[in-house]
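Beneath this line is the structure, given in structure tokens, with notes to follow.
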Amino acid sequence: DKTKIIIDNDAGGDDAMAIFLALLYQKHFNGPEVVALTTVRGNTAEHNVYTNNQRILKLINRQDVPIYRGINNSLFPTFGERNYYGTDGLGDTGESLIDPVPAQPQDAVTALIELSKKHE
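Numbers 1 to 120, taken from the working numbering, label the letters of the sequence shown in order.
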């Protein structure tokens, strides 16, 4: 059986690169199968993370990978938040998104639980 992974991310520059590498490794080197992306606030607000996930999948032509949206709230208050990757998490490119990948109806937490059970 092929290993399956879910990438839970906040899609700043570092996570964007991890998603790219995982998908390219899967395609070109028979690496683990990326079964889903889940989003969460971190390097930027969750709505930006979701948009960044859409951009990444479109750029690499992998809109078949489902995206499950997480929450935009932090468990703990953040002090002095830094925009290391710009306010949008990907360097404030201002790029518009055409034909975005729709989010799955399920939330990220439920998806993580159900996909983990499905692929044990």
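Quick reminder that beta carbons are idealized off the backbone N, C-alpha and C, glycines included. All of these numbers come straight from a predicted model, not from anything done at the bench.
Tell me the rounded alpha-carbon separation between residue i and residue j.
i   : j   : result
A16 : G94 : 16 angstroms
E33 : R62 : 12 angstroms
Could you spell out the range, first to last residue, of the beta strand (DSSP E) harbouring residue i?
i   : result
N9  : K4 to N9
E33 : E33 to T39
Taking the Cβ atom as the reference point for each residue, do residue i and residue j lie within a distance shorter than 8 angstroms?
i   : j   : result
T46 : N72 : This sequence places Glu at residue 46; Thr is not what is there. Closer than 8 angstroms, so yes.
N53 : L75 : no
T87 : T44 : yes
R41 : V49 : yes
Alpha carbons only, please: which of the options is nearest the one belonging to residue i?
i    : options            : result
Y85  : T3, G12 and K4     : G12
Q104 : S116, D64 and H119 : D64
K58  : D14, A18 and P100  : P100
Start and end of the alpha helix (DSSP H) containing residue i?
i    : result
V109 : A108 to K118
Y25  : G13 to F29
T93  : No alpha helix (DSSP H) contains T93, which DSSP labels as neither H nor E.
Q54  : E46 to L59
Self-check item: Inter-stretch contact (C-beta, 8 angstroms, three-pair minimum) for the region 107–114 and the region 54–70
Solution: yes
message: Pairs of beta-carbons, one from the region 84–92 and one from the region 22–29, closer than 8 angstroms: are there three or more?
response: no
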